[in-house]
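Chains as they are written, first to last, in my numbering: chain A, 141 to 545; chain B, 16 to 341; chain C, 3 to 533.
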Amino acid sequence: MKALRFERNIPRFAAAAIAGRLSSGSGAKVGPLKLRSIDAPTLPGPGWTEILPRLTGICGSDLATIDGHSSRYFEPIVSFPFVPGHEIVADLLAPIDNVPAGRVVVEPVLGCVTRGINPVCAACQRGDLGNCERITFGNIEPGLQSGFCCDTGGGWSTSMIAHSSQLHSVPEHWSDEAAVMVEPTACAVHGALSANVAEGEVVVVLGAGALGLLTIAALRRFAPPCTIVAVAKHPHQTQLATKFGADHVIDPGHIARPIRRITGSLAIGDGEIIRLTGGADHVIDCVGNADSISEALTVVRPKGRITLVGMPGHVHVDLTGLWQREIQLAGAYAYGTETLPDGSRRRTFDLAFELVEADDLGQLVSATYPLDRYEDAISHAATAGGRGAVRIAFDLRNEKERNRA
Amino acid sequence: MSPMPITRKQAIDLTKRLPINKSVKGFSRAGSRATRMVRAILTTPPVPNGVEKVSKEKNIGANYDTDWARSYPARFARVVVLNALMKPIVDLIATPTIVGTDRLADIDGPVIFAANHHSHADTPLMMTAIPEPWRNRLFIGAAADYWFANRITSPLSALLIGAIPVERQKVSRKAIDQSLELLKEGWSMLIFPEGARSSDGWARPFTSGTAFLSSHTGAPVVPVYLRGTNKVLPKGRNFPRPNPTFVVFGAPMYALEGEDSKTFAARIQDAVAALADETSSDWWQAQLRAATKATPAIEGPALGAWRRSWSQGTNRRDARRKWPNV
Amino acid sequence: MPRPGFVLDVDRSTPPILFHHGEGFRFEKLPPGRSRVIYPAEPIDPIKNPDGAIRDALENPIGDSEPLRALLKPGMKLTIAFDDISLPLPPMKSPDIRQRVIEAVLELAAAAGVDDVMLIAALALHRRMTENELRHAVGDRVYDAFAPHGLLVNHDAEDPDNLLYIGSTDQGEEVEINKRAAESDLLIYVNINLVSMDGGWKSTATGLSSYRSLRHHHNPKTMRHSKSFMDQHRSELHSSNWRMGKVLRDSGVKVFQIETTMNNNVFGTEGPMSVLQKREWEWTLKDRITAMGMKAALDRMPARSKRSIFQNWQAPHAMTSVQAGEVEAVHKITTENVYKQHLVSVEGQTDILTMGLPYISPYNVNSIMNPILVACLGLGYFFNLYRGKPPVREGGVVIMSHPTPWEFHPVHHPSYIDFFDQVLTVTHDPVRMEAEFEKSFAEDEWYRHLYRTSYAYHGVHPFYMWYWCSHALQHVGQVIIVGGDVRAVHRLGFKAASTLQDALEMASDVVGRDATITHLHNPPVLMADVS
């Protein structure tokens with residue numbers, strides 16, 4: 141089968157890191173990502189099956205990995221060489237367990253059940269798969285998700301394997317584009333709900349890429365009625381933000397001023413605002429770098445909450461404001477099971493399916509590329525905002541290797 | 016009788032060669048032709064006996080002719096000295112604060128600046144404080160016996176400070192006439208009506224020459240109050256000490272219908288007193304006091320010398336505002 | 003003998019006309035045969051002895067009033083209010099008219115033994131004046147005598163302890179003014195009448211009032227019924243102020259009004275700037291060289307340097323008349339004197355009106371002219387400098403020339419930034435703005451704080467700038483800005499052109515190809531008397 145494989149090659153890692161600093165996405169050319177013809181992965185045990193990816197998205201975390209930005213934190217929880225790609229809609233040729241044959245969406249987190257661990261850990265018991273405590277143990281190599289594990293393969297290939305517990309059936313009438321948006325939508329839903337927004341509060345969403353836009357949609361649908369302020373630079377982002385339910389869309393770079401007016405707070409600074417004395421109740425940071433966290437600290441109110449959904453890495457931030465104004469800074473990763481405002485518990489992926497259908501989120505897939513043009517695909521994904529795009533995906537439906545037996 | 020050892024001719028030669036005799040008739044023989052010519056020019060031969068000595072009219076003092084100092088080259092030189100040399104020095108030593116120049120905005124034509132007099136530093140201070148266009152066409156009435164005492168100080172006074180000689184002891188028609196003429200030609204005048212520097216910082220009574228000149232030429236009198244110059248160059252000292260000074264210009268004054276010089280002079284003195292009051296407190300307080308005739312006299316209280324100096328007192332406006340303006 | 007203003011019909015031999023373009027200028031060729039240029043009158047000779055004239059005016063009042071001397075009694079409470087930094091434009095050379103008048107008044111007050119005196123800068127909702135600006139207006143002597151004791155202050159329209167509600171007019175307009183001024187035995191107002199909008203009851207009823215009063219006439223409805231607000235007899239703005247004045251008078255507030263007029267000698271008759279005031283065909287060789295040289299230098303300078311040069315210009319305009327006494331009687335004479343300098347007879351309207359906007363408006367003295375102020379200067383002030391009918395026909399096009407930078411002064415105009423980003427992105431309709439946004443800006447805590455303690459215009463002020471354009475926006479079919487920042491112009495809701503020729507081309511969509519054009523050669527100030 142054909143796959144893009146991320147190999148353990150140290151000089152190439154370094155080269156990717158440097159290239160990535162100079163221009164986003166150029167780590168693909170010089171880095172350790174290579175297009176290979178390799179054998180399909182072998183099934184490690186019962187409950188596992190082969191699936192054939194149809195569309196796989198390119199996520200921000202994938203880009204960070206390729207450009208050498210991702211933190212060394214990941215070293216023990218990924219296993220080389222791995223095939224990236226965790227936003228997958230694939231063909232299941234034969235039914236397995238409760239999952240009928242047909243198109244499926246993969247829930248990539250590799251928890252206790254997929255690892256054959258019995259009894260499952262406390263987190264998996266509760267349904268909070270993203271918090272599984274056993275991601276480096278069990279029948280398969282360490283890997284927090286499919287797409288970071290050498291045993292499972294990943295979406296950027298023509299064939300991979302998955303456990304039945306990871307598979308969700310796709311409704312007949314759905315397009316592939318809609319299905320491939322389910323996984324990122326689930327991240328957004330989890331992030332939005334973990335913030336615990338109360339009714340009437342002001343929520344600022346930093347970042348208007350795919351994750352930011354999906355967060356806005358998730359807040360509008362599942363959180364109590366609140367004022368959503370989107371921060372968007374490009375015209376298509378502004379339009380989509382408003383479409384998905386943002387009440388205000390403001391320019392990045394000077395967000396303190398409009399937020400001051402929306403929240404009616406005072407400010408420090410005579411004319412040029414340094415920071416607000418009051419501020420927004422919540423800030424959901426879908427960017428995750430030093431600048432966005434610092435900005436969040438200037439506009440969130442005392443005792444407010446910053447929810448970090450975008451993956452940060454090693455950042456240098458002045459946390460004095462966090463201490464002085466008793467601000468909470470919390471991370472939101474992946475998905476599992478959510479508690480809705482009305483108290484009910486539902487799986488994140490189920491909520492994601494609902495949201496993708498309701499808001500027609502398949503429209504966010506702006507372009508697809510075959511595996512051969514992976515350099516273009518990654519470059520497009522890295523500069524998506526400026527080029528009027530939101531989500532870029534690999535299209536594997538026409539790959540020759542896929543349709544061979 | 017024994018014969019003389021040398022001949023008469025030899026004796027005369029010998030006498031001539033004696034050093035003491037060499038210089039007596041030596042001019043014709045010592046030095047080159049050029050030197051001889053120079054010496055001839057420079058020597059004044061003695062008046063022969065029996066001839067009466069003619070006394071020449073003295074060309075210094077009150078009779079010194081200063082017209083040359085008002086020609087273009089001289090004026091140009093004065094302007095250069097004023098701006099390039101005098102002003103930086105005055106700024107450095109006297110650090111003057113000049114206020115009230117906006118009161119001069121409407122005046123057309125020459126002005127008589129009448130200031131109180133504490134020290135010799137008053138003159139350079141005034142010359143560098145008076146604004147354009149009067150600064151460059153200015154003459155000063157200066158005491159003849161002091162400033163025009165000899166042949167060195169006379170031309171210097173005329174050139175550098177644009178002075179004309181004024182007799183102190185007796186009223187000289189010449190000085191008045193010259194001043195009137197210059198004023199009519201458009202020259203402005205700087206005068207210290209007290210006539211002399213005050214010895215203890217309080218003012219002496221203002222004489223009436225200033226008032227006379229104003230009423231006869233129509234040029235307004237601008238009263239000026241100077242403070243602090245007595246500490247820069249007090250009477251008796253020759254070397255200046257740095258000290259901050261104030262120059263306060265008052266509103267122009269014209270002689271009223273039928274007013275005599277004495278009354279006008281008193282009015283000018285009152286005006287300078289009001290300026291003094293304005294400087295030590297503020298303009299409004301000075302106005303209020305002026306309305307109730309409570310302006311402190313600049314002649315000072317009728318007290319002994321040390322108490323008069325003592326009551327000169329501190330002035331809260333001497334403290335310089337060091338903070339930069341917004 | 004100063005020549006009156008006149009209308010030049012442009013033909014083939016007319017030289018390029020000088021258009022002001024912010025801190026700089028352009029030369030534009032107007033199409034011959036269908037364009038006319040309105041030139042202002044030359045500056046009237048100023049009064050030779052201004053101090054004497056002022057003293058005279060105080061002794062011989064106009065209307066039902068005693069001479070000032072008789073009104074001043076010992077032990078009385080006296081307040082002197084004076085116009086703020088928005089007048090005169092540009093700032094005048096020292097000594098300022100206000101300084102002369104206030105010193106003359108204070109001399110009389112001192113002679114009468116009045117010691118309870120307070121001076122107030124009547125700035126309504128404008129920004130507070132800095133120390134230097136106050137010193138320039140009233141002079142060092144008055145400043146040093148009163149300011150250190152807190153007796154020379156900026157009016158604070160948001161100080162609840164210093165505002166007094168006087169009453170309401172018969173149309174329900176609330177009258178609330180500065181408490182000290184209302185409770186004084188005598189209020190003397192020192193006014194500069196730069197244009198015919200100023201003065202009269204507007205001085206006290208607007209200058210010393212608060213938002214509660216101002217909102218009754220600073221709103222779109224009033225502005226649309228003021229055709230124009232420079233002509234007090236056809237101005238709803240003035241009718242409202244006069245009604246409020248009546249309430250003040252009836253409640254016992256005694257006002258002694260001192261009004262002055264100035265000539266329009268803005269750039270001087272000698273010196274490098276004088277070329278901007280001369281008629282183009284009367285330029286000497288020296289003038290042409292000066293103008294070309296200035297333009298070349300200015301085009302290459304960074305914005306900051308240019309702004310600094312222009313904002314430091316102090317104009318030699320001088321007083322042409324002074325009258326004192328009863329408010330309405332005084333103002334009648336003042337208005338006649340203002341018209342003497344400004345009015346230019348113009349026949350008929352044209353399809354297009356062009357104007358070159360200078361670097362200064364009443365609201366950016368020592369500051370930056372942001373896009374909202376550009377709109378206000380052009381469509382508010384310049385458009386309304388007419389009597390009778392506007393020089394452009396209904397449905398015509400207005401073309402303004404100004405760089406319109408997307409730049410705001412963060413200290414002076416903080417609420418303008420928010421207005422530009424948050425209100426203009428939603429609507430350009432002044433009525434909708436008033437309904438949806440005005441209240442939140444007017445009552446915003448932070449803007450109030452900056453107005454009271456910093457040097458910021460009040461939160462509601464940008465709305466007033468937009469309302470000032472209401473009449474023009476209703477009357478005119480299209481607005482085009484030449485040479486402006488495109489994004490900023492679009493945000494204002496206008497069209498952007500790079501040259502005048504392109505602008506005329508764009509205008510032809512609205513007014514046709516052979517449209518007639520009027521150009522206002524302003525500054526110096528002129529007022530078109532259109533028949």
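Don't be surprised by glycine CBs; every beta carbon is placed ideally from N, CA and C.
Cβ neighbours of residue i in the same chain (closer than 6 Å, five flanking residues each side left out)
i, result
"C:Leu387", "Met232 and Met529"
"A:Gly251", "Cys264, Leu269 and Cys272"
"B:Trp149", "Val126 and Ser203"
"C:Tyr383", "none"
"A:Pro398", "Ile390"
"A:Glu323", "Glu227"
"A:Thr367", "Val342 and Asp387"
Residue i vs residue j beta-carbon contact at 8 Å
i, j, result
"C:Pro526", "C:Gln316", "no"
"A:Ala430", "A:Ile413", "no"
"C:Phe410", "C:Arg493", "no"
"C:Ser215", "C:Ile519", "no"
"C:Pro393", "C:Val532", "yes"
"A:Cys243", "A:Val320", "This sequence places Arg at residue 243 of chain A; Cys is not what is there. Not closer than 8 Å, so no."
"B:Phe261", "B:Gly243", "yes"
"C:Val324", "C:Thr262", "yes"
"A:Ile217", "A:Gly283", "yes"
"A:Cys289", "A:Phe222", "yes"
Euclidean distance between Cα positions of residue i and residue j
i, j, result
"A:Tyr514", "A:Val505", "16 Å"
"A:Ala498", "C:Glu445", "40 Å"
"B:Lys40", "B:Lys31", "Because B:Lys40 sits at a pLDDT of 48, beneath the cut-off of 50, its placement in the model cannot be relied upon, and the following sentence gives the value as read from the coordinates. Distance between the alpha carbons of B:Lys40 and B:Lys31: 9 Å."
"C:Arg14", "C:Trp283", "13 Å"
"C:Phe29", "C:Ala139", "35 Å"
"C:Val39", "C:Ile401", "14 Å"
"A:Gln285", "A:Ala474", "10 Å"
"B:Leu29", "B:Ile21", "10 Å"
"B:Asp297", "C:His415", "35 Å"
"C:Glu109", "C:Val119", "12 Å"
"C:Ala106", "C:Ala113", "11 Å"
"C:Asn266", "C:Pro364", "16 Å"
"C:Gly209", "C:Phe443", "20 Å"
One or two residues paired with residue i in a DSSP bridge
i, result
"C:Val84", "It should be pointed out that residue 84 of chain C corresponds to Phe in this sequence rather than to Val. Note: C:Phe84 sits in a beta bridge opposite C:Ala123 and C:Val192."
"A:Met300", "A:Ile191"
"A:Val239", "A:Ile236"
"A:Gln468", "A:Arg445"
"C:Asn156", "C:Ala123"
"C:Val532", "C:Val348"
"C:His521", "C:Val39 and C:Thr356"
Own chain partners of residue i with C-beta closer than 7 Å, once the 5 adjacent residues on each side are dropped
i, result
"B:Ser43", "In this predicted model, B:Ser43 has a pLDDT of only 49, less than 50, meaning its place in the structure is not dependable enough to derive any value."
"A:Pro392", "Val371 and Lys373"
"C:Val488", "Ala498"
"C:Lys229", "Arg236 and His473"
"A:Asn100", "Since the first residue of chain A shown is 141 and the last is 545, residue 100 of chain A is not available in this structure."
Own chain partners of residue i with C-beta closer than 8 Å, once the 5 adjacent residues on each side are dropped
i, result
"C:Gln101", "Ala139, Val140, Gly141 and Val144"
Open item on the list: I'd like to know if the stretch 487-501 of chain A and the stretch 451-466 of chain A are in contact, where contact means that at least 3 CB-CB pairs between them fall below 8 Å.
Closed with: no
Task: Segment contact flag, the stretch 174-190 of chain C with the stretch 433-440 of chain C, C-beta cutoff 8 Å, min 3 pairs - done: no
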